[in-house]
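Numbering (my numbering), first residue to last: 2 to 433.
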């Protein structure tokens with residue numbers, strides 16, 4: 002009995018050293034909600050969309066959950082400039098969208114979005130909010146550096162790095178790394194994304210520049226300038242020719258700038274037209290004419306914007322017809338094209354452009370002194386045997402092939418897209 006009594010005493014003392022049941026931590030249950038929102042938001046600026054999903058214990062979507070949760074902190078819904086209660090969940094999903102057409106805006110009002118904060122297993126999401134004035138810092142830096150150093154590449158790179166530092170919570174090194182891997186490389190080709198439009202633009206520009214180089218080295222550009230110079234006896238004539246060629250190359254603004262600029266540059270230099278004036282004539286014609294052309298690389302993008310607007314309004318209309326009806330109301334491109342013609346025809350300049358034109362006419366300096374002259378750098382390449390021959394066909398053949406294939410490509414891709422849309426409408430039971 003004494004041995005048993007001693008054993009019970011030892012057992013009792015051992016059990017007395019264990020923790021209370023209330024002190025034992027319970028197993029943490031998984032979050033009841035999954036929140037999807039932008040990782041970075043600007044204070045006072047509505048976000049495009051916030052989605053909250055109710056989850057089961059195993060992490061799957063709880064489609065049976067409907068109604069309002071106990072509380073949602075960090076989200077505000079404004080309708081007609083009035084703070085409005087959030088709508089209920091539907092089939093386990095609460096989706097909040099900013100719809101400016103309906104004057105509905107979604108704001109993130111806290112650094113943490115919390116759903117049901119008083120219930121274990123709540124859903125939370127940390128959001129980095131920055132001041133609206135701080136968001137203006139990168140473009141301001143880009144403008145200042147571009148004007149100061151007159152180097153666009155440097156200005157853009159520094160401004161991108163500044164924005165990356167802001168997104169990295171002020172970490173200078175991490176902002177530099179993100180500048181390279183996220184905002185430069187991934188913007189060219191995003192890993193895992195089928196969208197390669199940025200890379201296609203770069204390749205298109207490179208191949209177009211290569212074609213222009215072939216025209217120049219082959220003497221085609223010089224022959225084209227000599228032929229055009231027969232009809233350009235005054236400075237105004239060369240400027241009007243630049244404007245007219247800008248209207249001819251209407252299918253793409255990049256192609257317009259490269260082709261017209263490189264082709265007309267020797268002629269405008271000969272007529273003592275400043276490079277600043279040439280840049281104005283080319284750039285102020287390229288984008289406007291592509292924006293109002295019924296067949297161009299801009300049309301697909303513009304129709305996509307129209308389709309998105311109709312979808313947000315819940316309307317179903319013919320997108321291309323809407324695009325055509327909008328052409329008479331493109332006041333900026335139409336008026337700018339007319340203004341460029343007036344400036345080229347009348348020859349009236351003002352401000353810094355007047356100073357540049359006076360420099361070109363009076364001192365035969367088409368470029369500002371001290372600037373790199375690309376024509377002189379390319380002159381050695383144009384002194385070859387082909388360049389001395391100055392064959393006009395070396396310019397007309399590449400240009401004709403480019404314009405012809407561009408029109409065929411636009412027709413071909415447009416036909417494929419029309420067939421795809423017709424197939425979708427047929428499957429939906431719509432009349433074609």
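The C-beta atom is built at its ideal place from N, Cα and C for all residues, glycine as well.
Relative to residue 54, the option among 83, 178 and 95 whose CA is nearest is 95.
Around the C-beta of residue 338, 16 or more other C-beta atoms lie within 10 Å, and the residue is accordingly described as buried.
8 Å or more divides the Cβ of residue 291 from the Cβ of residue 285. Taking a contact as a CB-CB distance under 8 Å, the pair residue 213 and residue 248 does not count as one, their CB atoms being some 19 Å apart. Annotated as distal: residue 92 and residue 113, with beta-carbon spacing of 8 Å or more. Scanning 367, 40, 197 and 50 for the CA closest to the CA of residue 236 turns up 367. Cβ contact annotation for residue 163 (same chain, cutoff 7 Å, sequence separation greater than five): 138, 139 and 142, in chain order. Inclusion of residue 179 and residue 189 in the CB contact set at 8 Å is not warranted, their separation being larger than that value. Counted as a single uninterrupted DSSP element, the alpha helix (DSSP H) harbouring residue 312 occupies residues 298-314. Cβ neighbours of residue 365 within its own chain (closer than 7 Å, five residues either side excluded): 273.
Counting C-beta pairs with one atom in each stretch, the region 298-310 and the region 331-351 have fewer than three that are closer than 8 Å, which means they do not touch. Around the Cβ of residue 159, a 10 Å sphere holds 16 or more other Cβ atoms; the residue is buried. Per DSSP, the continuous beta strand (DSSP E) segment holding residue 114 begins and ends at 113-116. Taking every protein chain shown into account, the CB of residue 106 has 16 or more other CB atoms within 10 angstroms, so this residue is buried. Inside the region 23-94, DSSP marks whole beta strand (DSSP E) runs of 3 or more residues at positions 34-37, 41-43, 50-55, 76-80 and 83-85, from first to last along the chain. Residue 97 is a Cβ neighbour of residue 76, given a cutoff of 8 Å. Spatial neighbours of residue 67 in its own chain (CB-CB distance under 8 Å, excluding positions within 5 residues in sequence) are listed in chain order as 89, 90, 91, 92 and 93.
Bounds of the beta strand (DSSP E) holding residue 127 are 124-127. The beta carbon of residue 40 is closer than 6 Å to none in its chain, skipping five residues each way along the sequence. The alpha carbon of residue 281 has as its nearest neighbour, out of 271, 261 and 299, the alpha carbon of 261. Nearest in C-alpha terms to residue 59, of all of 70, 33, 74 and 78, is 33. The three-state reading of DSSP puts residue 351 in coil, since its state is none of H, G, I, E or B. In this structure, the alpha-carbon of residue 131 lies about 22 Å from that of residue 116.
Contact check for residue 173 and residue 166: beta-carbon distance about 6 Å, within the 8 Å limit, so the pair qualifies. A buried status is given to residue 289, since no fewer than 16 other beta-carbon atoms sit within 10 Å of its beta-carbon.
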